[in-house]
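Structure first, then comments.
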Amino acid sequence: MTTFRQRIQKDINDLIKSLSETKGMILTYPLLVEFFDGDHNAAIFTNQILYWTERTTDPDGWFYKTYDEWETELQFSYYQVQRVIFGDERVQNPKRNLSDIGLETKVKMAPNGRNATYYRLDVPQFMGMFLDWLEQKFGDITTKVKSFIKPKVEPDPVPDLTEDDDLFPPLWFRQEPEIIPTERVQMDWENKYNPGQTIADSWKITHSQLEIQFDRASFETYLKQVRLVDYDPSTYTFTLTGERQYQVDMLTHRLNRNVRRVLSDVFGHEVTVVFVTYDEWRDRHR
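Quick note: the sequence shown uses the numbering used here, first residue 1, plus one each step.
The structure is reproduced here in structure tokens:
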């Protein structure tokens with residue numbers, strides 16, 4: 001079964017392939033070299049980390065490697081591996097390293113009974129930083145980049161512009177899938193501190209709190225476009241929609257506890273949170 005991290009990695013690969021077709025260049029390695037300020041070893045190591053992240057069977061994205069294995073695969077010494085991950089304090093102008101982009105490490109016993117270093121790439125953090133960097137470098141392909149973090153929907157008809165018309169925002173900004181919530185989200189929210197507000201208002205407040213608590217990359221990738229579509233008062237269950245399946249997987253398996261905790265605090269009662277995709281919700285209510 002494909003994991004949510006593998007689906008994220010496919011999106012990254014699709015994005016890079018798309019940019020390659022747009023600019024007529026091979027982007028995977030050259031762009032990573034530029035991203036790491038000319039550090040070829042960091043680019044090579046990142047490619048290998050992405051390779052194993054896509055192939056690990058661990059649901060949380062961890063995989064293990066010994067230093068002998070890194071030497072066999074990349075001809076990297078112990079020092080070179082440590083430097084590209086953590087940097088070198090002796091360098092006067094340090095370059096970006098893999099811990100900066102969200103690579104986590106831990107040492108524990110491997111299945112072979114020997115201690116090994118486990119690695120996991122924080123894909124949301126890396127993806128957010130890499131997209132920001134790409135947008136700074138290729139300002140004219142913002143729409144192309146955004147298409148990989150927005151669902152593909154037909155744009156609304158755009159009226160003809162005249163010289164006196166204000167410029168319209170880019171199409172990706174205005175594309176919003178039609179998501180019709182149930183009437184129950186407009187029920188009164190019985191909270192003594194917020195009289196007269198609705199269930200939908202409780203989610204709006206929660207959403208604002210989550211934006212403060214999460215790092216920018218994670219919020220933009222997984223939580224920014226989440227919407228409240230239903231509420232079951234008998235079980236205090238909130239149904240929320242995400243745009244893509246990998247986002248829903250991340251929200252369900254990794255971020256559910258965080259969202260539920262904040263929403264329960266705001267709502268004033270322990271709640272249950274269920275995540276579905278926009279498409280799944282539309283199919284249920286056609």
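Just so it is clear, CB atoms sit at the ideal spot from N, CA and C, and this is done for glycine as well.
Please read all numbers here as calculations on a predicted model, not as lab measurements.
Exposure of Tyr78 is indicated by the presence of fewer than 16 other C-beta atoms within 10 angstroms of its C-beta. For Ile49, the CB contacts under 6 angstroms within the same chain, skipping 5 residues up- and downstream, are Leu121 in chain order.
Our two residues, Gln209 and Tyr278, have alpha carbons roughly 23 angstroms apart in a direct line.
Rounded to the nearest whole angstrom, the CA to CA distance from Leu240 to Ala42 is 38 angstroms.
In this structure, the straight-line span from the alpha carbon of Asp132 to that of Thr221 is close to 12 angstroms. Leu228 and Phe238 have their C-alpha atoms spaced approximately 7 angstroms apart. If you check the CB distance, Arg260 and Val271 come in under 8 angstroms. Here DSSP, grouped into helix, strand and coil, assigns Thr235 to coil. Short of 7 angstroms from the beta carbon of Trp189, and not among the five residues preceding or following it, lie these beta carbons of its own chain, in chain order: Gln197, Thr198, Ile199, Asp201, Ser202. Distance from the Cα of Gln245 is smallest, within the candidate group Phe275, Val266, Tyr231, for Phe275. Proximity to Asp232 across His207, Arg184, Arg216 peaks at Arg184, based on C-alpha coordinates.
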